[in-house]
Amino acid sequence: MFDLKVFKSSEYGEISVVFENNKEYFEATKVAQILGYTNPRKAIRDHCDKDMGTIYRAKVITGKNKDGSLKTKNINKKFIDEANLYRLVLKSKLPSAKKFEKWVVEEILPSIRRNGVYMNDETIDEILKNPEFLLKLAQKLKGEKEKVKALNKVIKDFEPYIKIGQVVGECEDAISIGAFAKMLNSLGIDIGRNRLFYWLRVNGYIMNQGNENQPKQKYVEQGLFKTRQYVVNTNNGQKIKVTTYITGKGQKYFIKIIGEEFGYEKNYRFH
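For the sequence shown, the residue numbers in the UniProt record's numbering are 1 to 271.
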């Protein structure tokens, strides 16, 4: 037997969550739609672990009856577990994907971790009306705690990648090399502006051009860099200076490469 709870959000609408065997399953198609996938079924097929989903019969609203009541129908719907929900969040290209992840992590899951059981309105009402229900709830608590332990492990495993999405999501515009070095520091990679320039030169992304660090044209064409020109006044007249910026696409690209090479959780220092 399973319980189905509908969560409502002014931003995302309604999403169904099934509770069964001490585990939560999220409405797969709805999650994919919220995360901006144009083909939800393909996204679920491509990014989700097939063994971590299940089918439930759920009631959906199909219209209204003549008397004004809602017309409903029971249909089979695919639900995915929390680990697969995170996989869809991580693969989403929607800038607001982190907001959805935040809603799940900060509003739905904390209650489970704090109480060892999801204390929704119906559960609280039942406790107040029926004291014996609390005894039954306590008997389930041990199993719920095991679920919380497993959930926390999933969150810990995904934490570096979720953090990347949060940091880059807040800075989609092109930023300077110095600002990007600070971003890397926030991810636990200890590197300054000059050392980052050095890394980019050694790895062939930028080159020295007239005492300036400029990106190679092919990486500009790939959308990793942007350059901006401006005029400065010198004793020898006006000169055109060029400043290099890393685009939002470039930020994600370089964070992935540097993260995989040195580890997100290591305080790596470039020498």
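Idealized CB from N, CA, C, for every residue including glycine.
Rounded to the nearest angstrom, what separates LYS77 and LEU4 at their Cα positions? For LYS77 and LEU4, the distance between alpha carbons rounds to 12 Å.
Who are the Cβ neighbours of GLU212 in its own chain at under 6 Å, not counting the five residues just before and after it? Same-chain partners within the cutoff: VAL242.
VAL18 classed as buried or exposed, judged by whether at least 16 other C-beta atoms fall within 10 angstroms: Buried.
For TYR230, which residues does DSSP report across the bridge? When DSSP reads this structure, TYR230 sits in a beta bridge with LYS241.
Using a Cβ-Cβ cutoff of less than 6 Å, which residues in the same chain neighbour GLN238 once the five nearest sequence positions on both sides are dropped? Excluding sequence positions up to five before and after GLN238, its CB lies within less than 6 Å of the CB of VAL231, all in the same chain and listed in chain order.
Could you check how far apart the C-beta atoms of LYS216 and ILE206 are, in whole angstroms? I think they sit under 8 Å. That pair is a contact at about 7 Å.
Rounded to the nearest angstrom, what separates GLY248 and PHE254 at their Cα positions? C-alpha separation (whole angstroms): 10 Å.
Only counting the same chain, and skipping five residues up and downstream in sequence, which positions put a Cβ closer than 6 Å to that of TYR37? Cβ within range, chain order: ALA43.
Rounded C-alpha distance that separates ASN74 from SER186: The alpha-carbon atoms of ASN74 and SER186 are separated by roughly 48 Å.
Hey, ILE246 and PHE225 are a contact pair by Cβ (cut 8 Å); roughly how many whole angstroms apart? Yes, ILE246 and PHE225 are in contact; Cβ-Cβ is about 6 Å, under 8 Å.
On the DSSP letters alone, give me the boundaries of the beta strand (DSSP E) that GLU24 sits inside. It spans 23-27 - the beta strand (DSSP E) in which GLU24 sits, taken as one unbroken run.
From the DSSP output, read off the bridge partner residues of ASN203. None; ASN203 has no bridge partner.
Excluding five sequence neighbours on each side, which residues of the same chain lie with their C-beta closer than 6 Å to the C-beta of PHE180? These residues qualify, in order along the chain: ILE246.
Helix, strand or coil for ILE191, going by three-state DSSP, please let me know. Correct three-state label for ILE191: coil.
Taking the alpha carbon of GLU260 as the point to measure from, which residue in LEU184, ARG193 and GLN222 has its own alpha carbon closest? Residue LEU184 is the option with its Cα nearest to GLU260.
Per-residue DSSP class, three states only, for ASN74: Of the three classes helix, strand and coil, the one that applies to ASN74 here is strand, per DSSP.
Determine the extent of the beta strand (DSSP E) in which GLY13 is found, giving its start and end residues. Unbroken beta strand (DSSP E) run through GLY13: 13-20.
Beta-carbon within less than 8 Å of GLY204's beta-carbon, same chain only, minus the 5 sequence neighbours each way: which residues are those? Residues of the same chain with a CB within less than 8 Å of the CB of GLY204, apart from the 5 flanking positions on each side, are LYS216 in chain order.
If we ignore side chains and look at the alpha-carbon of each, how far apart do VAL89 and ALA32 end up? Roughly 9 Å between the two C-alpha positions.
Taking all protein chains shown into account, do 16 or more other C-beta atoms lie within 10 angstroms of the C-beta of VAL202, making it buried, or fewer, making it exposed? Around the CB of VAL202, fewer than 16 other CB atoms lie within 10 Å, so the residue is classed as exposed.
Own chain, CB closer than 7 Å to GLN214, minus 5 neighbours either side, in chain order: When the five nearest sequence neighbours on each side are left out, the beta carbons in the same chain lying within less than 7 Å of the beta carbon of GLN214 are those of ILE206, MET207, THR227, VAL242 and THR244, in order along the chain.
What is the DSSP secondary structure of LEU94, counted as helix, strand or coil? In the structure shown, LEU94 sits in coil (DSSP, three-state: anything other than H, G, I, E or B).
From the DSSP secondary-structure annotation, give me the bridge partner or partners of ASN208. The partner list for ASN208 (beta bridge, DSSP) reads ASN213.
Among HIS47, TYR12, LYS50 and SER176, nearest to PHE100 - alpha-carbon criterion: With distances taken between Cα atoms, PHE100 lies closest to TYR12.
Can you name the residues that DSSP bridges to SER9? Looking at the DSSP output, SER9 sits in a beta bridge with GLY13.
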